[in-house]
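In what follows, a single structure is set out as structure tokens and then discussed.
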Amino acid sequence: MKTVGVIPARYGSTRFPGKPLVRIAGKPLLQHVVERARQARRLAEVIVATDDERIARVAEGLCRVAMTRRDHPSGTDRVAEVVEGLECDGVVNIQGDEPLVDPGAIDAVAAALETAEMSTAAAPLTDPLDLHNPHVVKVVVSRSGRALYFSRHAIPFVRGAEGAAAVEVLSRFGFLRHLGLYGYRRETLLRLVRWPVSALEEAEKLEQLRALENDVVIRVVRVAASGAGVDVPEDVARVEALLAGGTAADAEGTTGI
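Heads up, the sequence shown is in the working numbering, so the first residue is 3 and it goes up one at a time.
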């Protein structure tokens, strides 16, 4: 199965304009992501998809670059434009703001496409502050590893723990934090972006719910650590500290749920 990795990168982030080019530990953020993606063994190629010449100039020295339209509503649509012109069986959408992305997680998501139309990753949720944080997406899965639901809310509801501290709730159930890695069979992705925004997707503002509402099976693989993304300028120092310490940067241990 030929699977490619595509990294969508745009300059005009609302909360952090120019984010792909911000320097982290002496290198552009995008370079960290590309270098880690290229360590994945199951990707035939890594491609940066962008609509900005400044990003393209940086990426050209690292991997293949695909220039895309400016009017895409999401990174998923940008990836789909690239994939439409490629001969491949599958694609892994790798978030351009995850400088600590685990190559093993990328490989696990790619491998899951052998038996599923769509795949993604999750890690144990261990920080009590994340349990009720709507920016930290949670996922519940079936015994076979199929995604049942994704939510910004703490799912599942733990009966009998109403009003308990988050640390107590975490001790009662193995919550999973969803990670922003998505694998798609080529034709599945091209169908997905043609479907209208679904009701659950609109409510939670989570694209993957469109797939679930259209009966696409999403295979979830478990990874040991969640890494760290860059959402706002304040995140840069935190990521640099992790890189210097090797804590999340060297996280390993990918398995199937």
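Every residue gets a Cβ at the ideal spot worked out from N, C-alpha and C, and that includes glycine.
Since the model is a prediction, treat every value here as computed from it, not as a measurement.
> Taking all protein chains shown into account, do 16 or more other C-beta atoms lie within 10 angstroms of the C-beta of residue 117, making it buried, or fewer, making it exposed?
Replying inline: exposed
>> Can you confirm whether the segment 90 to 97 touches the segment 194 to 201 when touching is taken to mean that 3 or more C-beta pairs between the two stretches lie within less than 8 Å?
In response: no
> What are the start and end residues of each continuous alpha helix (DSSP H) run of 4 or more residues lying completely inside the segment 45 to 92, in chain order?
Replying inline: 55 to 61, 77 to 86
> Where do the ends of the beta strand (DSSP E) carrying residue 224 lie?
Replying inline: Judged by DSSP secondary structure, residue 224 falls within the beta strand (DSSP E) whose first and last residues are 220 to 224.
>> Please identify the residue among 173, 87, 207, 101 whose C-alpha is closest to the C-alpha of residue 139.
In response: 207
> Taking the alpha-carbon positions, what's the residue 212 to residue 43 distance?
Replying inline: Each residue's alpha carbon lies about 29 Å from the other.
> Which runs of the beta strand (DSSP E) spanning at least 3 residues fall entirely within the segment 96 to 140, listed in chain order?
Replying inline: 120 to 126
> Any idea if residue 159 is buried or exposed, counting beta-carbon neighbours within 10 angstroms, 16 or more meaning buried?
Replying inline: exposed
> What is the C-beta distance between residue 183 and residue 123, in whole angstroms, given that I count them as a contact (C-beta under 8 Å)?
Replying inline: 5 Å
> For residue 155, which three-state DSSP category applies?
Replying inline: Note: residue 155 maps to coil in three-state DSSP.
> Since residue 25 sits in a beta bridge, which residues does DSSP pair it with?
Replying inline: For residue 25, which the question treats as bridged, DSSP gives the partners 30.
>> So residue 103 and residue 35 are supposed to be a Cβ contact under 8 Å. How far apart are they, rounded?
In response: 6 Å
> Using the rule of at least 16 other Cβ atoms within 10 Å of the residue's Cβ for burial, across every protein chain shown, is residue 263 buried or exposed?
Replying inline: Here the chain comprises residues numbered 3 to 259, so residue 263 is not present and cannot be evaluated.
> For residue 202, which beta-bridge partners are listed by DSSP?
Replying inline: Beta-bridge annotation (DSSP): residue 202 is not paired with any residue.
> Out of curiosity, what's the CA-to-CA distance linking residue 163 and residue 7?
Replying inline: 41 Å
> Taking buried to mean at least 16 other C-beta atoms within 10 Å of its own C-beta, is residue 83 buried or exposed?
Replying inline: buried
> By a C-beta neighbour count over all protein chains shown, 10 Å radius and 16 as the cutoff for buried, is residue 121 buried or exposed?
Replying inline: buried
>> For residue 64, tell me which candidate among 152, 37, 22 has the shortest Cα-Cα distance.
In response: 37
> Where are the alpha helix (DSSP H) runs, 4 residues long or more, that stay fully inside the segment 175 to 202, in chain order?
Replying inline: Within the segment 175 to 202, the complete alpha helix (DSSP H) runs of at least 4 residues are 188 to 194.
> Applying the criterion that 16 or more other CB atoms from any shown protein chain within 10 Å of the CB defines a buried residue, is residue 188 buried or exposed?
Replying inline: The residue in question, residue 188, is buried, as its Cβ has 16 or more Cβ neighbours within 10 Å.
> Quick one: what's residue 40 bridged to in DSSP?
Replying inline: None; residue 40 has no bridge partner.
> Which of helix, strand or coil does DSSP assign to residue 161?
Replying inline: DSSP places residue 161 in coil when its eight states are reduced to three.
>> For residue 241, list the residues DSSP reports as bridge partners.
In response: Residue 241 pairs with nothing; no bridge assigned.
>> Could you tell me the alpha carbon to alpha carbon distance between residue 147 and residue 52, rounded to whole angstroms?
In response: 33 Å
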